[in-house]
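Residue numbers (the numbering used here): 1 to 352. Virtual Cβ for every residue (Gly too), placed ideally from N, Cα, C. Here the structure is a predicted model, which means the values were calculated and not measured. Before any comments, here is the structure.
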Amino acid sequence: MPVTTNRRLGRIAIALAFLAMVVALADCSGSGGTRAKASPASAAPVVSGAVPPPAQPGIPAIVQHVSPSVVTIITPQGLGSGVVWASDGTIVTDDHVVSGSAHVTVAFADGRRVNGDVVGGDAPTDLAVVKASRTGLPAATFDGTLPQVGSLAIAIGSPLGFANTVSAGVVSGLQRSIPGSASQGAPLADLLQTDAAISPGDSGGALVGANGAVIGINEAYIPPSEGAVSIGFATPASTVEEVVPQLLKNGHAVHPFVGVEAATLTPELASKLDVSVSQGAVVLDVVTGSPAAKGGIQAGDVVTKVDGTTVASVEDFVGALRSRSPGDVVTITAVRGSTTRDFRVTLGAQPS
């Protein structure tokens, strides 16, 4: 299944988050997600300035409460959405919305437009920060606690340029990886799944829970052409709370580094490698001197588990490692021929 970002399939360097350098799918035999990429321009906890939760329950009250914190981001390539992180003009959005742009236009719910500068972006998590030339903004509240499956989910963004569009559904799943998404860019992994409608232009907008707090940043969807009905995805607020402060401080985020190139195991690769498993992430190459090399991992090994968590694809590999930090020791289970081995690997920091 395709992912909306048009990125080519290739061998992916998995500097732990660069395992995370493989995302959207277009012509993949596996399933994949479609990034809610920018539409044509024609058409932490509580942060500084955050507004209190809505006094009354119900979707209309929640929308009225959160909508002023959701913006439209306009670039030369198109438009997407964003969410006010802090009252000083700090906006969080998706990296693919602003990629290639140093300056953007930010349109607010009250109709005002101002200039914005891209502070930094993080391709592995597809998050970015924009600083708008406006202060006194109503910052959204972010809830980093994973929501319950079945709980309310409200998507707010600018699909196809229709600002402050609202769709509602539920949280359909947690910690989702989209098989095959690594064929076109950073892998879509460790995401919230929702049936709230997400469309092109919604990227970077808010996925809001029943308490009026942002539980995720809209990221991707699987299009109806793939036989999907309302399958959308968002980056969890916990990831946003981890990455945004780093982008504000350094302009980039730090991710753990494994030091391999990998791809999802296919029947053809399994036959060629003569391995005894049918799913996993096959190691195509190992960076000399990398944590993987020091741990004994070799090209041709098929990773099947990380600390006991099953790995069925390269996206699963990324998802299993994404929550780790440089210096963490992980046990990577891999099959070499007919033998299953455990490798203890001390993760490094992703090279800049």
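In the three-state reduction of the DSSP assignment, L160 falls in the helix class.
Shown here for V119: same chain residues with a beta carbon closer than 7 Å to its own, the five before and five after excluded, namely V129, V130, K131, L247, L248 and G251 in chain order. Of all C-beta pairs linking the segment 163 to 178 to the segment 285 to 293, fewer than three are shorter than 8 Å, placing the two stretches out of contact. N218: member of the beta strand (DSSP E) spanning V214 to I222, first to last residue.
Between the alpha carbons of I59 and P236 lies a distance of about 20 Å. Taking a C-beta distance under 8 Å as the contact criterion, S177 and E315 qualify as a contact pair. Taking the C-beta atoms as reference points, V243 is found nearer than 8 Å to T125. Residue pairing by DSSP places D88 in no beta bridge whatsoever.
Under the 10 Å beta carbon count, K305 is surrounded by 16 or more other beta carbons and is classified as buried. The C-alpha of A213 is placed about 11 Å away from the C-alpha of L152. Excluding its 5 nearest sequence neighbours in each direction, V240 has C-beta neighbours in its own chain below 7 Å: V92, L127, F142 and I217, listed in chain order.
Under DSSP, A334 forms a beta bridge with V303 and R341. Taking C-alpha positions only, S238 is separated from G144 by approximately 4 Å. Inter-residue distance for T194 and Q175 is about 12 Å (C-alpha atoms, whole angstroms). Residue pairing of R322 in beta bridges, as defined by DSSP: absent, with no partner found. Remark: C-beta atoms of A196 and A168 approach each other more closely than 8 Å. Of the residues I215, G327, V275 and V330, the one whose Cα lies closest to the Cα of F233 is I215.
Residues of the same chain with a CB within less than 7 Å of the CB of V114, apart from the 5 flanking positions on each side, are V106, A132, S133 and R134 in chain order. For P236, the enclosing beta strand (DSSP E) stretches over residues I231 to P236. Boundaries of the alpha helix (DSSP H) harbouring A293: P291 to G295, taken from the DSSP string. DSSP lists no bridge partner for A102.
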